[in-house]
Structure formats: C-alpha cells, structure tokens
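In this note's numbering, the protein residues as written are 15 to 127. Think of the CB as a built atom: it goes at the ideal place given N, C-alpha and C, for glycine as much as any other residue. Here's the structure, in structure tokens; my notes come after.
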C-alpha cells in the first residue's frame, strides 16, 4: 500500500529552508542568533548600570534563551535501582532547641537536644 503524505510527526523542514532563504535574500547580513546575543549583552549592560534585580533576571533569561542555540541540551534520564539504600540525616540546632532526624521516606522524628 502506498503511503499518504508525510509521516506523522515530521516537521516542516522545506518551509524552514524557504524562510531562511527568503530572509537571507532580503537581509543578507542578518543573523537572528547573533542579534539575540547582542540583545542579551545590552540587557546585561543595563542590569550592571542599574543594579536592579529584575534587570539581572531579564539578563539571565535572555542568556538562557540564547544558550539553547549554542550549547546542546542534556536529555533527562530516569535512574532506577533494585538495591534499596537507606539514608538518615540528623540536623542539629546550635541554639539548644529541638533537633530533627529525617529518614529517606520523608518522615521526621523530633528529639530533644
């Protein structure tokens, strides 16, 4: 049986190539990634001059967006083990109040110091 059209999940690569070609014809020196980097650097310089926390957050978000085009992203991997491991964490307070023991299952026991 002959296939009908594109397979499910296939992208629009011919359309992307067409858009890139038309963009390079109309604006030969324009590179969107380089423009994003320059904009991120401008946001960073504004953040350094104002010292505002919101400006620093905008700079970090801007660099995060640019990084996706430069660095490959890591794939999330789920790790499962057959061996059970028990972890016990003891927290001590130095002010003389109660300390807390936390088990790996999230339960906490309260002991007097």
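Inter-residue Cα distance where the pair is residue i and residue j
i           : j           : result
residue 66  : residue 96  : 49 angstroms
residue 31  : residue 41  : 15 angstroms
residue 102 : residue 80  : 41 angstroms
residue 43  : residue 85  : 23 angstroms
residue 89  : residue 109 : 44 angstroms
residue 71  : residue 28  : 37 angstroms
Integer Cβ distance of residue i from residue j, believed to fall under 8 angstroms
i          : j          : result
residue 57 : residue 73 : 5 angstroms
Cutoff 8 angstroms: residue i Cβ touching any chain D Cβ
i          : result
residue 96 : This model lacks chain D altogether; it includes just one protein chain.
Local Cβ density within 10 Å of residue i, reported as buried at 16 or more and exposed below that
i          : result
residue 54 : buried
residue 76 : buried
residue 98 : exposed
residue 38 : exposed
Cβ pair residue i, residue j closer than 8 angstroms
i          : j          : result
residue 34 : residue 83 : no
Residue range of the unbroken alpha helix (DSSP H) whose run includes residue i
i          : result
residue 56 : 46-64
residue 95 : No alpha helix (DSSP H) contains residue 95, which DSSP labels as neither H nor E.
residue 78 : 67-84
Opening and closing residue of the beta strand (DSSP E) in which residue i lies
i           : result
residue 105 : 102-105
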